[in-house]
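Numbered by the working numbering, the letters in the sequence shown go through residues 6 to 364 in order.
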Amino acid sequence: MAQVLSPGAVPDPEPMAPIEEEWRENLNVKLLCKDCREDPPNLYEDHASGDLVCETCGLVLAARSVDMSSEWRTFSNDDQGNDDPSRVGDGPNALLNGAQLNTNIAFGDGGMRNKELHRAQNKSNLDKGNKSLLQAYKQIGAYCDGWQLPSSVADTAKHIFKDAEESRLFKGKSQESLIAGCLFLACRRNQVPRSFREVMELTRVSKKEIGRTFKLLEAYMIKKEKEKPATSTIAGGTVVSTQYTGSTTADPSDLCNRYCSMLDMDQRTSNVAIAIADRMTKTGALAGRSPLSSASACIFMAGHLMGQPKTVKQIMEVIMVSDGTIRQAYRLLYNEKDKLLTEEILARGANPAKLPQPN
Ligand SMILES: [Zn+2]
């Protein structure tokens, strides 16, 4: 109904619907003694009897209460103020053998009997297998840290290592070369491939030996995964690459991104390098060349196309292939440039006029 207003009158404010308050729990409840109503209450929890007692008047407010506090009795031998509440060890590690639920005799207070028991157990119970596994895992972890690789790579490498050790097929290999092979394979399986040379520089195992170990490992893994169902999970819930169908060779376009970034090229240029590498794989322009030399040629070409040229020497230093290899691969790539440089690549700002003549 419209309001009729006289001049100068202020219209009545529209009646507002009352805002319904949301329900919430009242957290300000206090437990008071109903007799003395003392605030703050002076209550005492008697753990021995399970009673809640008002200390002022002695009224029992609650009986048989459940003790919610943590219980940390010390179980160490000398109970005199030496607080040692630990009675549990680590959880089982799927990467080690056994459930690791064995009992260890501690050194205790250093008394004669303790010492002897401790020593006797150490002598009898030397878990040599786990010790060497742990050492290898430590080494793998250190290598992966050195390369700032994600932990999934280290996990994969550790798993491959454990499987290989268990198979006893690699007895003749030194631990170092086995680790190097596992590392190489793990990088590839996690789509962060590293070249043999890079693995060699990290682990100081010869390229030839890494290659051999890797071939054996790969053959073993493929055989193994054919036998068992395809999914495998490890502790921590990480699903390691489900099925391994063998890695043909590293894809040059996978390599381009990393090497471009190592060469300080911008993302546009590395995208062009990747696009050229993809196109090259599709047309088979450099078929038969190693992925490293193909990638180096793509990067060299992309740099010139995008006006960010890198010299052969600069690329050589990063990718570590020889001068001649890069030049030769580039010559082949240059001869195919009409096929490689698609409209899409040109639209990204690539200028074929900037390409140097191969020499
Ligand atoms: Zn009271």
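Even for Gly, the Cβ is constructed at its ideal location relative to N, Cα and C.
The alpha helix (DSSP H) enclosing residue i, as first and last residue numbers
| i | result |
| --- | --- |
| Ala99 | Run containing Ala99: none; DSSP gives neither H nor E here. |
| Arg193 | 180-194 |
| Val277 | 272-288 |
| Thr208 | 201-208 |
| Gly216 | 212-232 |
| Ser156 | 156-172 |
| Asn262 | 257-267 |
8 Å contact criterion, which residue i and residue j should meet: CB distance rounded
| i | j | result |
| --- | --- | --- |
| Leu154 | Val197 | 6 Å |
| Cys38 | Leu66 | 7 Å |
| Tyr225 | Leu188 | In fact, because the Cβ distance is near 16 Å, the residues do not count as touching under 8 Å. |
| Thr288 | Leu345 | 7 Å |
| Leu261 | Met285 | Before going further, note that residue 261 is Cys rather than Leu in the sequence given. Not quite, the Cβ-Cβ distance comes to about 10 Å (not below 8 Å), so this is no contact. |
| Leu297 | Ser211 | Contact doesn't hold; Cβ gap of about 17 Å is too wide. |
| Ala300 | Tyr339 | Not really, about 16 Å apart at Cβ, beyond 8 Å. |
| Gln319 | Leu268 | 6 Å |
| Glu206 | Ser182 | Their Cβ separation, rounded to whole angstroms, is 15 Å, which puts Glu206 and Ser182 out of contact at 8 Å. |
| Met418 | Gly312 | Since the first residue of the chain shown is 6 and the last is 364, residue 418 is not available in this structure. |
Boundaries (first-last residue) of the beta strand (DSSP E) holding residue i
| i | result |
| --- | --- |
| Leu64 | Segment: none, Leu64 is in no beta strand (DSSP E) and carries neither H nor E. |
Paired residues, beta bridge with residue i - DSSP
| i | result |
| --- | --- |
| Tyr49 | Val58 |
Residue closest to residue i, alpha-carbon to alpha-carbon, out of the options
| i | options | result |
| --- | --- | --- |
| Lys167 | Ile184, Thr347, Ser179 | Ile184 |
| Leu222 | Thr288, Gln272, Thr161, Ala68 | Thr161 |
| Arg209 | Asp259, Ile165, Tyr148 | Tyr148 |
| Leu138 | Arg124, Asp17, Asn102, Ala334 | Asn102 |
| Ile350 | Val277, Asp328, Phe219, Pro314 | Val277 |
| Ile165 | Tyr142, Thr316, Gly177 | Tyr142 |
| Ala343 | Ala290, Gln313, Ile331 | One detail in the question is off: residue 343 reads as Asp in this sequence, not Ala. Of Ala290, Gln313, Ile331, the residue nearest in Cα terms is Ala290. |
| Asn364 | Thr218, Pro357, Tyr335, Glu25 | Tyr335 |
| Asn33 | Glu25, Pro45, Gly312 | Pro45 |
| Pro357 | Asp150, Trp28, Pro314 | Pro314 |
| Lys35 | Lys228, Glu43, Ile24 | Glu43 |
| Asp256 | Glu348, Gly293, Glu30, Gln126 | Gly293 |
| Asn135 | Glu121, Leu100, Gly151 | Leu100 |
| Lys228 | Asn109, Ser172, Met306 | Ser172 |
| Ala280 | Gln333, Ala355, Lys220, Val317 | Ala355 |
| Val158 | Leu190, Glu322, Asn127, Val58 | Leu190 |
Residue ranges of each alpha helix (DSSP H) within the region 305-352, 4 or longer: 317-324, 328-340, 342-345, 348-352
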